[in-house]
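Numbers 1 to 185, taken from the UniProt record's numbering, label the letters of the sequence shown in order. C-beta: ideal position from N, C-alpha, C; glycine also. Remember, predicted model here, so these are calculated numbers, not experimental data. Below is one structure; the comments refer to it alone.
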Amino acid sequence: MFLTDGYSGVSVDGLITKTGGSKRTIYSYFGGKEGLFAAIIEQLCAENVSPLTHMDLKQRPLQEALSTIAKIFLDVVLSPRTIALHRLIVAEALRAPEAARSFFDAAPATAYNCLAEYFIWAEEAELITPGNAHTRAKIFLDALTGDLQLRSLLGLGKRPSKSEREHLITETISIFINGLLPMER
């Protein structure tokens with residue numbers, strides 16, 4: 001209901017009418033509508049980012065690892081469900097800050113952490129120059145999604161084709177890798 005009606009458009013009474021249960025249960029488990037909303041957001045995000053959390057990039061060459069995470073990340077970020085969820089969170093963030101925090105921690109922060117773990121391993125293996133793994137993860141993933149995600153959130157145009165996404169991934173990796181590779185001695 002939250003995805004279709006928004007936070008403001010859903011009442012505890014309406015939820016109970018549609019799904020069953022009782023106010024007592026909702027307030028007992030979640031503390032109220034905002035807590036329930038945050039829990040639902042957290043669950044939806046966990047489902048959305050599951051492919052990212054179940055991949056093992058270690059031992060893979062840098063370009064292959066970046067390509068793998070980029071493809072999965074773009075598929076997740078540009079999916080209709082994620083776009084709807086993102087729109088909802090942005091619209092309701094000031095009224096439901098707990099849900100906004102749940103969204104950020106369960107989705108973007110999880111993706112950043114997955115890639116940062118790889119960068120930490122790659123740095124220890126001396127595959128890349130030393131640096132802040134979390135900052136690098138944010139820069140890489142945000143470079144991938146910035147334009148495409150904003151256009152999708154605003155409803156401007158159709159979802160990019162597979163070849164368009166692959167072109168963006170290739171270009172982003174090429175630019176990014178040149179800044180991470182150790183200099184030849």
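query, result
"By DSSP, does N132 sit in helix, in strand, or in coil?", "coil"
"Thinking L66 and L148 are a contact (beta carbons under 8 Å), I'd like their distance in whole angstroms, please.", "Not a contact, Cβ separation roughly 17 Å."
"For W121 versus L36, is the C-beta distance shorter than 9 Å?", "no"
"How many angstroms separate the CA atom of A91 from the CA atom of E164?", "29 Å"
"In terms of residue numbering, what span does the alpha helix (DSSP H) encompassing A116 cover?", "108-124"
"Is it the case that the region 46-63 contacts the region 96-114, given that we only count it when at least three CB pairs across the two stretches are under 8 Å?", "yes"
"I139 and K71 look like a contact to me (Cβ under 8 Å); what is the Cβ gap, rounded to whole Å?", "Not quite, the Cβ-Cβ distance comes to about 18 Å (not below 8 Å), so this is no contact."
"Would you kindly report the start and end of the unbroken alpha helix (DSSP H) that includes S67?", "62-77"
"My parser needs the alpha helix (DSSP H) runs of 4 or more residues fully inside the region 132-178; what are they?", "133-153"
"Quick check on the burial criterion: 16 or more other C-beta atoms within 10 angstroms. Buried or exposed for R24?", "exposed"
"Please state whether DSSP places G6 in a helix, a strand or coil.", "coil"
"Under 9 Å, do L3 and L88 count as touching if we go by C-beta distance?", "yes"
"For a test of the three-state rule: what should DSSP assign to K18, helix, strand or coil?", "helix"
"Near G32, which residues of its chain fall below 8 Å by C-beta distance, leaving aside the five closest residues on each side in sequence?", "V12, I26"
"So residue 251 is in the alpha helix (DSSP H); what residue range does that whole segment cover?", "Beyond the ends of the chain as shown, which are 1 and 185, falls residue 251; an answer cannot be given."
"Closest by CA to T129, which one among I83, L52, L154, F176?", "F176"
"Enumerate in chain order the residues of its own chain whose CB-to-CB distance from T68 is below 8 Å, with the five nearest sequence positions on each side excluded.", "M55, L57, R60"
"Can you have a look at R81 and say buried or exposed, based on whether 16 or more other CB atoms are within 10 angstroms of its CB?", "exposed"
"What is the rounded straight-line gap between the Cα of L15 and the Cα of F73?", "32 Å"
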